[in-house]
Amino acid sequence: MNHEGGASVYHTLLSLDMFGVCMVNTLGALPIVYITLLCYPIMRTMALLAYTILSAYGVYCAVTARTNVRRLRSFAWQALFRFFLFMLRWSGVGTGSPSSLRHFLTMDFLAMLGGLINISRIPERYRPGLFDYWCNSHQIMHVLVVVSIVFLHWGMVEDLLWLNHYHCPLE
1413 MNHEGGASVY HTLLSLDMFG VCMVNTLGAL PIVYITLLCY PIMRTMALLA
1463 YTILSAYGVY CAVTARTNVR RLRSFAWQAL FRFFLFMLRW SGVGTGSPSS
1513 LRHFLTMDFL AMLGGLINIS RIPERYRPGL FDYWCNSHQI MHVLVVVSIV
1563 FLHWGMVEDL LWLNHYHCPL E
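Everything in the sequence shown is counted per my numbering, starting at 1413 for the first residue and increasing by one.
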């Protein structure tokens, strides 16, 4: 992050940055949880509550983390939760548009790739000073996260279109 305010400003900006990434990660996935468990209202409510609590803990861990590795690790439980939902959909237990799965996998892959690039400090590790202001790992991470949100949007559009014509089976 480029600034001239010293360590306290840097930590404040980093905390706000991480809070924003966490909120996008959390709020963006809530519709995935809802639609995947659409036909199981009690499980859906419990899963939404669990994901919200897990995400609140992830926000706390990300904002208070002192290293980039710990900051990235704070998103691991959310990613595993979403992978579990993906497996429910893929196996046919969960509901949702089958074509949205590729968008959600791409979303998580791009977000994870952005985090890995950020903690590995590629490309500035290999050319120190050259990437201080443009194309550094932090900026690359943000671009990949924004692109991952586009894939989230595309997946949600497919799910919402699918939802217009789907009715849960009566038991």
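All C-beta atoms, glycine included, are put in the ideal place defined by N, C-alpha and C.
None of these values were measured; they are calculated from a predicted model.
> Are there 16 or more other CB atoms within 10 angstroms of the CB of Glu1570, so buried, or fewer, so exposed?
Replying inline: Residue mapping note: residue 1570 aligns to position 158 of the sequence shown, counting from 1. Burial state of Glu1570 is buried, judged by a 10 Å Cβ sphere holding 16 or more other Cβ atoms.
> Residues in its own chain within less than 8 Å of Leu1556 by CB, not counting five upstream and five downstream?
Replying inline: Residue numbering aside, residue 1556 sits at position 144 when the sequence shown is read from its first letter. Here the set comprises Leu1522, Ala1523, Leu1525, Gly1526 and Ile1529.
> Thinking just about the alpha-carbon of each residue, which of Pro1540, Thr1464, Gly1541 and Thr1507 is nearest to the one in Pro1581?
Replying inline: Position 169 of the sequence shown, counted from the start, is the residue given in the question as residue 1581. Each of Pro1540, Thr1464, Gly1541 and Thr1507 was checked against the Cα of Pro1581, and the nearest Cα belongs to Thr1507.
> If Gly1470 and Met1519 are in contact, beta carbons under 8 Å, what's the gap, nearest whole angstrom?
Replying inline: As a working note, residue 1470 is residue 58 in the sequence shown. As a working note, residue 1519 is residue 107 in the sequence shown. That belief does not hold up - the Cβ atoms of Gly1470 and Met1519 are roughly 17 Å apart, past 8 Å.
> For Ser1520, which three-state DSSP category applies?
Replying inline: As a first step, residue 1520 is located in the sequence shown; it is residue number 108 there, counting from the start. Residue identity differs from the one stated: residue 1520 is Asp in this sequence, not Ser. In the structure shown, Asp1520 falls within a helical segment according to DSSP collapsed to helix, strand and coil.
>> Let me confirm a value: Ile1447 is counted as buried when at least 16 other C-beta atoms fall within 10 Å, else exposed. Which label applies?
In response: To locate residue 1447, count along the sequence shown from 1; it is residue 35. Ile1447 comes out buried.
>> Taking the alpha-carbon of Leu1442 as reference, which of Arg1485, Gln1490, Thr1424 and Met1499 has the nearest alpha-carbon?
In response: Walking along the sequence shown from the start, residue 1442 turns up at place 30. Closest by alpha carbon: Gln1490.
> Ordered along the chain, which non-local residues of its own chain (more than five positions away) have a Cβ less than 7 Å from that of Phe1431?
Replying inline: On the sequence shown, residue 1431 is found 19 positions in, with the first residue counted as 1. Val1471 and Val1475, listed in sequence order.
>> Determine whether the beta carbon atoms of Phe1516 and Ile1444 lie at a separation below 8 Å.
In response: For the purposes of this step, residue 1516 is taken as residue 104 along the sequence shown, with counting starting at 1. For the purposes of this step, residue 1444 is taken as residue 32 along the sequence shown, with counting starting at 1. For the 8 Å CB-CB criterion, Phe1516 and Ile1444 form a contact.
> From Ile1552 to Tyr1545, what does the alpha carbon distance come to, in whole angstroms?
Replying inline: Looking up residue 1552 in the sequence shown gives position 140. Looking up residue 1545 in the sequence shown gives position 133. One C-alpha to the other measures close to 12 Å.
>> What would DSSP say about Thr1448, mapped onto helix, strand or coil?
In response: Residue 1448 sits at position 36 when you count from the first residue of the sequence shown. Looking at Thr1448 - three-state DSSP - the assignment turns out to be helix.
> To the nearest angstrom, how far is it from the Cα of Val1562 to the Cα of Asn1437?
Replying inline: The residue labelled residue 1562 in the question sits at position 150 within the sequence shown. The residue labelled residue 1437 in the question sits at position 25 within the sequence shown. Going from the Cα of Val1562 to the Cα of Asn1437 covers about 12 Å.
> What residues in its chain sit with their C-beta under 6 Å from that of Arg1533, if we drop five residues either side in the sequence?
Replying inline: The residue you call residue 1533 lines up with position 121 of the sequence shown. Exclusion of the five residues before and after Arg1533 leaves Ser1549 as the residues of its chain whose Cβ lies within less than 6 Å of its Cβ.
> Can you tell me whether Cys1547 is buried or exposed, with buried defined as 16 or more other CB within 10 angstroms of its CB?
Replying inline: The residue given as residue 1547 occupies position 135 in the sequence shown. With fewer than 16 Cβ atoms within 10 Å of its Cβ, Cys1547 is classed as exposed.
>> At 3 residues or longer, what runs of the beta strand (DSSP E) sit wholly inside the stretch 1508-1559?
In response: For the stretch 1508-1559, not a single whole beta strand (DSSP E) run of length 3 or above is found.
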